[in-house]
Amino acid sequence: MLRGIIKGGSLILLSVIFSKLFSIIYIPILVRTLGPTNLGLYSLALTMLPWFVTLVSLSLSTIVAQSIAENSRYKERLPIIITTYIFFTFLLSLFGGLLHLLLAKTIAVQLFHSVELVRYLRLVSGGIAIAIFYNTIIGIARGLKDFKLYFQMEVLKSFMFVALGLLFLLFFRYGVYGALLAIVLSPIIPILYLLWKHQQYIRRTIRFNVIFSSLHAGFWIASMSLLLTILVTADRFLLGIYTDPKTVGFYAAVTTLITAISLIASSFKGSILPFISENFTDKEKIRSTIQRVVSYTLLLVGLLLFFLVTFRKEIILLAFGKEFMPSISLVPLLGLTLLPFTIYILIHTVILDRRLVAYTTKILFPITLFALFIDFVLIKNFSIFGAGLGLFISHSLVAATYLQILRKKFDLRVRRLLGLSFLIILGVLLAMMLPGSLLYRIPFFFL
């Protein structure tokens, strides 16, 4: 099982690497072209996109992957399952896009106090509809363990995103509108590619009992996913309410670097799900697999985090320019959020199983409310540094909750993971205290 996870995760990670190679070209151009204020408007326009996608989609991507993996031995059932979910998701995507469109003016004016945001949010409504459909479609590839197709779709989507973004930004000079338009259009070709490649599973027969039988688990998965989505995006949402777009722009610039590293953990998460669904009753196999995958991923994330913190000044200057130099001091604080994020995002795959998801969601609900209260207080009083600290606390609370659940359920060895995290944090703190000269920082990094 571990070999299959590593193989699948490696393919997904490879897709992330290709995506990041595209981003190396695109993100600096995006940031430099838009500047802090317009980058803040761009970030605010996208802040509530994951909220709507998670809420309206009912987490069908996860449910589809689990359902297909569990029925992979029954080939006659797969066409009905896949066709039904595709049709139902299409209806949900239309509803999600329309709902956001109707609320766009209220969100822009009443929450973010910006009339200029209205047209951007209306455009994002189309992106919400397409994102809901794309997430379910790629869940089909995960459930079939067709990680090669997953790789192709993600790389194609990233390529289209960068190509369209550069076209709209540099050639047509559409600014924020063009950058958002690239997000809206980029998933279309990958969606068509999967539908064409697996057209043998698409039939005219639709059985809504397939949907109804999954709604109970879907309710809890969607509830948990929405709670976590709000937790990881509340920082920008509250910054939009209590600060200005320029401040949000500084914060968004650093988060692009953090997000790039966090995709390593997300990659392995994507390949774990089918194996967990198949082997959930084998507690020893689950414990051993999760222990190894989390440890290996923490080591890889820690290495990149050392590099980011050690050379943070040079990275910000080269990637974004002098305009974003005030954001340098935020890098270590946001970087540390990667450690609890890596732990909980990998364990989250086990938690999502329908045998644990309801129990965990009930525990997570009060924790989410407490974390949001902390975010509210910190951001209102300490602006972007409060947002970074609040994000670290939120991630840590969720990670601690997940670790405790898996310790009881699968006898997970929590101390080893916490010890490894402590060593990485110690290294980051040492990197922060190094003198400014590269003569000190380069040998430290290699050491």
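Numbering (my numbering), first residue to last: 195 to 641. We treat Cβ as the ideally placed atom computed from N, Cα and C, and that holds for glycine.
Tell me whether residue i is buried or exposed, calling it buried when 16 or more other Cβ atoms sit within 10 Å of its Cβ.
{"i": "Tyr538", "result": "buried"}
{"i": "Tyr634", "result": "exposed"}
{"i": "Phe307", "result": "As written in the sequence, residue 307 is His, which differs from the Phe given in the question. So His307 counts as exposed."}
{"i": "Met347", "result": "buried"}
{"i": "Val309", "result": "exposed"}
{"i": "Phe640", "result": "exposed"}
{"i": "Pro629", "result": "exposed"}
{"i": "Ile557", "result": "exposed"}
{"i": "Gly291", "result": "buried"}
{"i": "Asp476", "result": "exposed"}
{"i": "Thr300", "result": "exposed"}
{"i": "Trp414", "result": "buried"}
{"i": "Pro534", "result": "buried"}
{"i": "Arg430", "result": "buried"}
{"i": "Ser319", "result": "buried"}
{"i": "Ser489", "result": "exposed"}
{"i": "Thr543", "result": "buried"}
{"i": "Ser631", "result": "exposed"}
{"i": "Thr399", "result": "exposed"}
{"i": "Leu643", "result": "Nothing about residue 643 can be read from this structure; the chain reaches only from 195 to 641."}
{"i": "Arg506", "result": "buried"}
{"i": "Asn403", "result": "exposed"}
Helix, strand or coil for residue i per DSSP?
{"i": "Thr437", "result": "coil"}
{"i": "Tyr220", "result": "helix"}
{"i": "Leu606", "result": "coil"}
{"i": "Ile400", "result": "coil"}
{"i": "Leu550", "result": "coil"}
{"i": "Pro520", "result": "helix"}
{"i": "Leu628", "result": "coil"}
{"i": "His294", "result": "helix"}
{"i": "Glu508", "result": "helix"}
{"i": "Phe564", "result": "helix"}
{"i": "Leu196", "result": "At Leu196 the pLDDT is 48, less than 50, meaning the model places this residue with poor confidence and gives no usable figure here."}
{"i": "Arg267", "result": "coil"}
{"i": "His307", "result": "coil"}
{"i": "Asp429", "result": "helix"}
{"i": "Asp569", "result": "helix"}
{"i": "Gly685", "result": "Summary: the structure shown does not reach residue 685, with the chain confined to residues 195 through 641, and so no result is reported for it."}
{"i": "Gly515", "result": "coil"}
{"i": "Leu623", "result": "helix"}
Where does the unbroken alpha helix (DSSP H) through residue i begin, and where does it stop?
{"i": "Gly529", "result": "525-530"}
{"i": "Phe639", "result": "632-640"}
{"i": "Met242", "result": "Run containing Met242: none; DSSP gives neither H nor E here."}
{"i": "Ile301", "result": "Unbroken run through Ile301: none, as it is neither H nor E."}
{"i": "Lys477", "result": "477-504"}
{"i": "Phe362", "result": "No alpha helix (DSSP H) holds Phe362; DSSP gives it neither H nor E."}
{"i": "Gln260", "result": "254-264"}
{"i": "Arg316", "result": "311-337"}
{"i": "Pro384", "result": "382-391"}
{"i": "Tyr371", "result": "369-379"}
List the whole-angstrom C-beta distance separating residue i from residue j, where the pair is believed to meet the contact cut-off of C-beta under 8 Å.
{"i": "Gly434", "j": "Val442", "result": "6 Å"}
{"i": "Leu606", "j": "Arg481", "result": "6 Å"}
{"i": "Tyr220", "j": "Val370", "result": "Their Cβ separation, rounded to whole angstroms, is 15 Å, which puts Tyr220 and Val370 out of contact at 8 Å."}
{"i": "Ile334", "j": "Ile262", "result": "6 Å"}
{"i": "Pro273", "j": "Arg397", "result": "5 Å"}
{"i": "Leu421", "j": "Thr256", "result": "Contact doesn't hold; Cβ gap of about 14 Å is too wide."}
{"i": "Thr278", "j": "Ile405", "result": "6 Å"}
{"i": "Ala302", "j": "Leu315", "result": "5 Å"}
{"i": "Gly600", "j": "Ile541", "result": "As written in the sequence, residue 600 is Leu, which differs from the Gly given in the question. With a Cβ gap of about 6 Å, Leu600 and Ile541 count as contacting."}
{"i": "Leu502", "j": "Ile455", "result": "7 Å"}
With 8 Å as the threshold, decide whether the Cβ of residue i is near any Cβ in chain B.
{"i": "His392", "result": "The structure shown contains no chain B; it is built from a single protein chain."}
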